[in-house]
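In this text, residue positions in the sequence shown follow this note's numbering: the first is 323, and each later residue adds one. Before any comments, here is the structure.
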Amino acid sequence: MSYASQKLAEEKVFKDPVHRYIHVRDQVIWDLIGAKEFQRLRRIRQLGTTYLVFHGAEHSRFNHSLGVYEIVRRIVDDSFKNRPEWDESERLVVLCAALLHDLGHGPFSHAFENVFALDHEEFTRAILIGDTEVNEILKRVGQDFPQKVADVIAKTYSNKQVVSLISSQIDADRMDYLQRDAYYTGVSYGHFDMERILRVMRPREDQVVIKSSGMHAVEDYIMSRYQMYWQVYFHPVSRSAEVILTKILHRAKALSESGYDFEQQPTHFKSFFDGTFTLKEYLALDEGVLLTYFQLWITEKDSILADLCDRFVNRKLFQYIEFDLAKDYMKMRELEVLFKKAGIDPEYYLVFDSSSDLPYDFYRPGEEGERIPIQLLMQNGEIRELSRESEIVEAISGKRRTDHKLYFPEDFLTEDGKKKALKKQILELLT
């Protein structure tokens, strides 16, 4: 029996709070879960700094990756099984892609990526095709199999039906993280009838469609996503923590480049500061490593680095106000001047941050980042784009919502000490 078709002697199950059980029968999947690069995902939180707002949000990308795998397994083993439009030979590649799609995420994913100009998708690819345990396992299926899995995740795979299961406007990735993040944050927004959606999913040529009888479940899913983004993912307090985290890394990088003598040398970051890091060094970083440095840097001689680390570790976050930089550009310049006069470095303590989301969009050919729309299979066999049938979805289609905030340390401006009149002037401008 080939390795690709090899089954475990007995099915393995993971108990899961979202899907109840995650089932593993394939030897390949079991071996991938045991690979050290996949086990590393236990040490990367799914929601980054969100645990500082929703205390239950301690779940990891390991949890989520298993959940995405389980949804795809149910689709291909139940919903699509024995349907002529589904190619059964694609089963293993889509299961592996589902399991490994987040493999390249770094610690506090997006903040870390922004500081060092990284792309987790590139690292996912590098892990899949590089000198790793995951690559060795995938190559046992076939020499070209790691590349196939990488192509599915990169959305360049020839079978677009397979790609859409992992990456589309209604994919297994989103269906898991909405429910999982809602569960661990304790909010009610992310819940929708996934069972119904899976029952009405159908393979069609190069796409996955939804039977029109399941349209209302899809509407519920889209509104759940909309609410989760604004109530959880873009929560202003979580963004405050991410701003501080970003500034810690910026400060440490600037100090290292200036020749500053750290009491606790940033050994794990040196190669990231100068851009010479290897894949092995990237994989050695996790959130435990970053938090250890932050804890130690609280006592650093540099007052800015020490203060920012203390704020992050002990949750002394920045205050914020609504602020539109395009309209209030001159006000921002005035605030920067006043901050400097008050002895507060605006580079680290006056931070503009913007978030935006497009909850659903129809097909706009040629546009950057174009989205493949959700298609409905009508009773007469016709395929219709969702927003043409749903008034709810039509109302939010193509409408990008944006939120702008200005973050600052209110405690610096209200504490007793020097330059009280100047600080009062700053507060009046801010409030």
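Even for Gly, the Cβ is constructed at its ideal location relative to N, Cα and C.
Asked	Found
Validate contact between the stretch 342 to 358 and the stretch 528 to 540 using beta carbons, cut 8 Å, 3 pairs	no
Where Gly688 falls: helix, strand or coil (DSSP)	Residue placement at Gly688 is flagged as unreliable, the pLDDT there being 41, under the threshold of 50; the coordinate-derived value follows with that caveat. In the structure shown, Gly688 sits in coil (DSSP, three-state: anything other than H, G, I, E or B).
Meets three-Cβ-pair contact criterion under 8 Å: the stretch 583 to 601 and the stretch 650 to 660	no
Through-space distance from Thr568 to Tyr373, alpha-carbon basis	16 Å
Cβ shell of Pro687 (< 8 Å), same chain only, five flanking positions each side left out	Since pLDDT at Pro687 reaches only 41, below the 50 mark, its modelled position is unreliable, and no value is offered.
Which listed residue (Glu444, Val565, Asp725) has its alpha carbon closest to that of His427	Glu444
Pair within 8 Å by beta-carbon distance, Arg447 and Ala476	yes
Buried/exposed call for Ile705, threshold 16 Cβ in 10 Å	exposed
Classification of Asp738 by the beta-carbon crowding that lies within 10 angstroms, buried from 16 upward	exposed
Cβ-based neighbour list, Ala563, same chain, cut-off 7 Å, excluding 5 preceding and 5 following	Thr371, Leu374, Phe634, Leu639
CB contact flag (Val484, Val474, <8 Å)	yes
Every unbroken beta strand (DSSP E) inside the stretch 640 to 694 [3 residues or more]	641 to 644, 673 to 679
Neighbourhood of Tyr551 by C-beta distance below 8 Å, restricted to the same chain and skipping five residues each side	Asp679, Pro681
Contact belief for Gly508 with Phe376 at Cβ below 8 Å, rounded distance in angstroms	6 Å
Bridge partner(s) assigned by DSSP for Arg367	Ser382
Pairwise C-alpha distance: Arg722 and Ser480	31 Å
Residues of its chain near Lys741, where Cβ-Cβ distance is below 8 Å and the 5 sequence neighbours each way are ignored	Lys663, Ala664, Gly665
Whole-angstrom C-beta distance between Ser387 and Val414, which should lie under 8 Å	Just to set this straight, residue 414 is Leu in the shown sequence, not Val. With a Cβ gap of about 16 Å, Leu414 and Ser387 do not count as contacting.
Where Lys727 falls, given that 16 or more other Cβ within 10 Å makes a residue buried	buried
Test: Ser382 CB closer than 8 Å to a CB of chain D	You won't find chain D in this structure, because it holds only one protein chain.
When Val522, Gln747, Gln586, Glu669 are compared against Gln701, the one with the closest alpha-carbon	Val522
Three-state secondary structure assigned by DSSP to Lys575	helix
Contact belief for Ile393 with Met497 at Cβ below 8 Å, rounded distance in angstroms	6 Å
Per DSSP, cross-strand counterpart(s) of Leu698	Ile532, Arg706
Within 8 Å, strictly: CB atoms of Ile626 and Leu520	no
C-alpha distance - Asp608 paired with Ala648, whole-angstrom precision	37 Å
Cβ separation of Asp515 and Asp542, assumed to be a contact under 8 Å, to the nearest whole Å	6 Å
Sheet register partners of Tyr729 (DSSP bridge)	Tyr642, Val673
Chain-order list of residues whose beta-carbon lies under 8 Å from that of Asp667 (same chain, five-residue window excluded)	Ile626, Phe661
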